[in-house]
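S.K.:
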Amino acid sequence: MRSLRHSCTVAALATGLSFLAAQAFAQPAGVLRVAVGADPATFDPAFNDLPVGNAVDLAVLEGLFRLDPQNNVQKSLATDSSFSPDGKVFSVKIRAGKTFSNGDPLNAEAVAASFNRMLDEKTGSIYRGLYASLGTVKAVGEDTVEFHMAEPNGHVLMLLASTAASIVNVKALKEMGAEYGRKPVGSGPYMVERYVGGEGFRLVPNPKYAGDYPATLKAIEFTVVPEDGSRMALMETGAADIVERVPPESIAAINALKSAKVVTPPSMFSINMEMVLRGPLADPRVRQALNLAVDREGIAKGVLGGLGTPSVGMVGPGTQDELRKTFPPIPFDPAGAKKLLAEAGYKPGQLALSFTCPTGRYIKDVQVCQALAGSFEDVGIKATPLVVDRGTWTKVVGMEPAQRTDNMGMVGRATAGMDYTLYRLFYTGVGANRTGYSNPRVDALLKEGRATTDPAKQKAIYGEVQEIVWKDQPFLFLWYQTQAIGVANRVQGFAVQPNETLVFDKVTLN
Numbered sequence: 040m041r042s043l044r045h046s047c048t049v050a051a052l053a054t055g056l057s058f059l060a061a062q063a064f065a066q067p068a069g070v071l072r073v074a075v076g077a078d079p080a081t082f083d084p085a086f087n088d089l090p091v092g093n094a095v096d097l098a099v100l101e102g103l104f105r106l107d108p109q110n111n112v113q114k115s116l117a118t119d120s121s122f123s124p125d126g127k128v129f130s131v132k133i134r135a136g137k138t139f140s141n142g143d144p145l146n147a148e149a150v151a152a153s154f155n156r157m158l159d160e161k162t163g164s165i166y167r168g169l170y171a172s173l174g175t176v177k178a179v180g181e182d183t184v185e186f187h188m189a190e191p192n193g194h195v196l197m198l199l200a201s202t203a204a205s206i207v208n209v210k211a212l213k214e215m216g217a218e219y220g221r222k223p224v225g226s227g228p229y230m231v232e233r234y235v236g237g238e239g240f241r242l243v244p245n246p247k248y249a250g251d252y253p254a255t256l257k258a259i260e261f262t263v264v265p266e267d268g269s270r271m272a273l274m275e276t277g278a279a280d281i282v283e284r285v286p287p288e289s290i291a292a293i294n295a296l297k298s299a300k301v302v303t304p305p306s307m308f309s310i311n312m313e314m315v316l317r318g319p320l321a322d323p324r325v326r327q328a329l330n331l332a333v334d335r336e337g338i339a340k341g342v343l344g345g346l347g348t349p350s351v352g353m354v355g356p357g358t359q360d361e362l363r364k365t366f367p368p369i370p371f372d373p374a375g376a377k378k379l380l381a382e383a384g385y386k387p388g389q390l391a392l393s394f395t396c397p398t399g400r401y402i403k404d405v406q407v408c409q410a411l412a413g414s415f416e417d418v419g420i421k422a423t424p425l426v427v428d429r430g431t432w433t434k435v436v437g438m439e440p441a442q443r444t445d446n447m448g449m450v451g452r453a454t455a456g457m458d459y460t461l462y463r464l465f466y467t468g469v470g471a472n473r474t475g476y477s478n479p480r481v482d483a484l485l486k487e488g489r490a491t492t493d494p495a496k497q498k499a500i501y502g503e504v505q506e507i508v509w510k511d512q513p514f515l516f517l518w519y520q521t522q523a524i525g526v527a528n529r530v531q532g533f534a535v536q537p538n539e540t541l542v543f544d545k546v547t548l549n
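Its first residue numbered 40, the sequence shown is counted upward by one per residue in this note's numbering.
1. Would you be able to state if there are at least three C-beta pairs under 8 Å between the stretch 467-481 and the stretch 164-179?
2. Which word fits His187, buried or exposed, when buried means at least 16 other C-beta atoms lie within 10 angstroms of its C-beta?
3. Looking at C-beta atoms only, is the number of pairs between the stretch 294-307 and the stretch 408-416 that lie closer than 8 Å three or more?
4. Tell me which residues share the same chain as Gly236 and place their Cβ nearer than 7 Å to its Cβ, disregarding the 5 neighbours each side in the sequence.
5. By DSSP, does Asn538 sit in helix, in strand, or in coil?
6. Would you tell me roughly how many angstroms separate the C-alpha atoms of Thr398 and Leu320, rounded to the nearest one?
7. Kindly list the residues whose CB is nearer than 7 Å to the CB of Ala147, restricted to its own chain and excluding five residues on each side of it in sequence; keep chain order.
8. Within 10 Å of its beta-carbon, does Pro370 have 16 or more other beta-carbons around it, so buried, or fewer, so exposed?
9. Can you give the Cα-Cα distance for Val150 and Leu212, rounded to whole angstroms?
10. Going by C-alpha to C-alpha distance, which of Leu158, Thr540 and Arg529 sits closest to Ala85?
11. Pro144 to Lys137, Cα distance in whole Å?
12. Starting from the C-beta of Ala534, find all residues in its chain whose C-beta is less than 6 Å away, skip the five residues before and the five after it, and write them out in chain order.
13. Compute the Euclidean distance between the alpha carbons of Ile507 and Lys222, then round it to the nearest angstrom.
14. Answer yes or no: do Pro440 and Thr474 have a C-beta to C-beta separation smaller than 8 Å?
15. Apart from the five residues on each side of it in sequence, which residues of its chain come closer than 8 Å, Cβ to Cβ, to Val231?
16. Which of helix, strand or coil does DSSP assign to Phe64?
17. What number of angstroms, rounded off, separates the C-alpha of Tyr422 from the C-alpha of Ser269?
18. In this structure, how does DSSP classify Gln512 when only helix, strand and coil are distinguished?
19. Are Trp518 and Met353 closer than 8 Å when you measure CB to CB?
20. Looking only at its own chain, which residues have a Cβ that is under 7 Å from the Cβ of Thr118, when we skip the five neighbours before and after it?
21. List the residues that DSSP assigns as beta-bridge partners of Asn208.
22. Can you grab the Cα-Cα spacing for the pair Lys114 / Ala204, in whole Å?
23. What ranges does the alpha helix (DSSP H) occupy inside the stretch 399-440, keeping only unbroken runs of at least 4 residues that lie completely in it?
24. Note the first and the last residue of the continuous beta strand (DSSP E) segment covering Ser309.
25. Can the beta-carbon of Ala453 be found closer than 8 Å to that of Leu106?
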């Protein structure tokens, strides 16, 4: 044991020295200009639901754990973790001496307060149901946090590695109110210096940061540009270094530039129409008819320009592929759709459906919604696409099913863990379950999946969940979106997670 302690001490000293050297010699330099299509309503991780918000949270806040660009769990604030023998208490030891950007201590008490705030029903976090298994969080001394689990959860590390579990300064949040969502006080390498809704925001280095990813840039300047053509013009004129969601018609033009190129990193983004399971969509025949009415291959090639592949499963590739199940592609069968609608009692023109679509959130989202409306009309459905701004769309698709007046909403999902994805979308009553889907067998299986860490058991359990949900078709399954990002040649060290979170840890400018 003595030699082990000695080795750990030497390793810690070496790590500390290398960190001090990095801090001393790698001074932040240059302003990175990023053009994004969506305007985040908040950077509060308890409510943020956008990849660009995840990117800011990753830069401004820290979690106990984090995901690397390959979706591997890494320690962040945590230095060690373990379960009690009975599996009811999960203990995490955290780094000593950490502070928030305002100087407040980031100790075990602060970590416990952050989690208990998210888990408090009064907070109204959209992730509360997903994280409810964490139970009650307690501080033990200055550097240890205990999660007194409400139920077993073998996926706790994946939960804690999500940006939704980032540590917020609850003391500052209470003082700042809504302003905290715009300028969160965190412990990450950057801080939000400026936020102007609908226009953009600016990150600058956090002078109090102490960790493995010190700021490498003097500033990161985000500009919100929902319209594709305007966003691409910033890249073509050299006014942006990174542009999100390059549309298919702009790829060749950007690749022809001497100063930039389009990169297509791996993506797990799954785009679907999430149905509200009441009224006509409570009938599985109608849901099946909608799925048969859509020419996914045609839309992927003709509208998306190849930046999408038809869905063949509940989750996108890269979502714990060892647990992921795929199915034969849903055929394009308008005749079959008409037959099912007739069986459900609808003559041509009798069924009217509306669906909510965002502007500038996904690749060609407006054009896709128009194409879907045409497909539905072709099988005798009166279809009304409700194309709205991102803020309105967020409110609509975030409503409880009983509050919705539309029938479906276009939503993209990308999460690293199978439990994280399936539990939040299909467990009865969970906050992110906005379809109203409820299946007792699925609920029981999701509980079983959380209770085991055995890979073989997990594969069988989550395989059955995916089979049931694929058959029930609570979604109009569409495609997996391909990431296409314009990056200036002067940008080095840029990375993107498969969930479309931009990672600025190692970015430098030539």
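Note that CB positions come from ideal geometry on N, CA and C, so glycine has one too.
All values reported here derive from a predicted model rather than from experimental measurement.
M.R.: A quick look at the data gives this:
1. yes
2. exposed
3. no
4. Asp78
5. coil
6. 25 Å
7. Ile133, Ala178, Val179, Gly180, Glu181, Asp182, Thr183 and Val184
8. exposed
9. 14 Å
10. Leu158
11. 6 Å
12. Pro108 and Val542
13. 43 Å
14. yes
15. Phe82, Val95, Val99, Arg221, Lys222, Pro223, Phe240, Arg241 and Leu242
16. A caution first: Phe64 carries a pLDDT of 43, below 50, which makes its placement in the model unreliable, though a value can still be read off. Three-state DSSP puts Phe64 in a helix.
17. A quick correction: the sequence has Ala, not Tyr, at residue 422. Each residue's Cα considered, the two are about 30 Å apart.
18. coil
19. no
20. Lys132, Ile133 and Arg134
21. Asn208 pairs with nothing; no bridge assigned.
22. 13 Å
23. 404-417 and 429-436
24. Ser309 to Met314
25. no
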